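Inspection log for the structure reproduced underneath, given as structure tokens.
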């Protein structure tokens with residue numbers, strides 16, 4: 180192997196590493212976009228007025244639905260009539276979008292399961308519960324904020 184060939188291989192590796200770093204930086208979250216950079220949890224835009232998340236009538240008692248808040252996926256449950264609770268739909272394992280399942284929240288990527296009333300992990304590999312999002316009901320409408 181000649182030194183020119185060795186240098187060329189090093190250059191290729193360095194360029195590839197720089198490209199990977201740039202690609203990963205492009206995938207990072209931005210707290211200014213309404214997402215907590217460490218959690219990917221939707222946050223009310225600048226503490227502004229509550230936003231409509233869903234209609235209470237669209238959430239079955241004992242069930243849950245998918246919704247969005249600030250363009251981010253969330254899950255909203257109605258464990259008992261008139262009582263709602265919401266969670267980030269971002270799995271705490273590797274960031275996949277969790278979906279409502281049969282009496283639980285299910286992550287389609289690695290089969291983590293979460294409790295619809297508490298967000299607690301029922302079965303891993305998720306290391307921690309889904310993050311709770313404050314919501315309340317006013318006149319049959321689920322609104323963001325407490």
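Numbering (the numbering used here), first residue to last: 180 to 325. Glycine included, each C-beta is placed from N, C-alpha and C at the ideal position. These numbers come from a predicted model, not from an experiment.
Helix, strand or coil for residue i? Go by DSSP, reduced to three states.
i: residue 218; result: Note on residue 218: pLDDT 41, under 50, position unreliable in the model; no value is reported.
i: residue 309; result: coil
State the Cα-Cα distance for the pair residue i and residue j, rounded to the nearest angstrom.
i: residue 283; j: residue 257; result: 12 Å
i: residue 267; j: residue 310; result: 5 Å
i: residue 229; j: residue 308; result: 24 Å
i: residue 270; j: residue 242; result: 19 Å
i: residue 279; j: residue 254; result: 7 Å
i: residue 260; j: residue 240; result: 6 Å
i: residue 297; j: residue 263; result: 11 Å
i: residue 281; j: residue 252; result: 19 Å
i: residue 246; j: residue 293; result: 17 Å
What whole-angstrom Cβ distance do residue i and residue j have, given they're in contact under 8 Å?
i: residue 232; j: residue 314; result: 6 Å
i: residue 303; j: residue 291; result: 6 Å
Please name the residue or residues paired with residue i in a DSSP beta bridge.
i: residue 240; result: Its beta-bridge partners do not exist; DSSP assigns none.
i: residue 263; result: BP columns for residue 263 are empty, so no partner.
i: residue 296; result: The partner list for residue 296 (beta bridge, DSSP) is empty, contrary to what the question assumes.
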